[in-house]
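Chemist: Residue numbers (UniProt numbering): 1 to 111. Backbone N, C-alpha and C fix where the C-beta goes; we use that ideal spot for every residue, glycine too. None of the values given here were measured: they were computed from a predicted structure.
1. For the candidate residues 73, 28, 16, whose alpha-carbon lies nearest to that of residue 102?
2. Would you say residue 76 and residue 92 are within 7 Å of each other, going by their C-beta atoms?
3. Can you check which of these residues, 96, 88, 26, 40, is closest to residue 108 by C-alpha distance?
4. In the DSSP output, which residue or residues are listed as bridge partners for residue 80?
5. Distance check for residue 30 and residue 80, CA to CA, integer angstroms please.
6. In three-state terms, what does DSSP make of residue 50?
7. Give the range of the beta strand (DSSP E) segment to which residue 68 is assigned.
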């Protein structure tokens with residue numbers, strides 16, 4: 001069977017895109033599970049405390065996981081993994097900017 005070169009290239013390209021997409025989806029899912037495990041074990045939250053966990057790719061940091069707690073639905077907390085450790089690096093209101101917003105779930109900053 002003789003496959004033309006354009007069809008072969010297109011098939012390889014589609015396969016490559018599918019594999020990269022699958023890898024990125026799995027990476028996002030794994031990071032979300034790591035943050036969830038960190039919150040449940042290290043910070044002693046329960047599943048009922050957490051409303052939403054979403055992992056996103058961005059510029060800096062490259063991968064960030066956003067957590068919204070049920071008792072504070074107007075605040076977002078951002079976590080990332082560095083050197084095998086999960087930590088909270090930022091927080092922000094869900095909409096807009098409010099310098100007077102009081103956050104309930106801030107982690108203490110370590111030196």
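Modeler: A quick look at the data gives this:
1. 73
2. yes
3. 88
4. 87
5. Cα-Cα distance, rounded: 12 Å.
6. strand
7. 63-69
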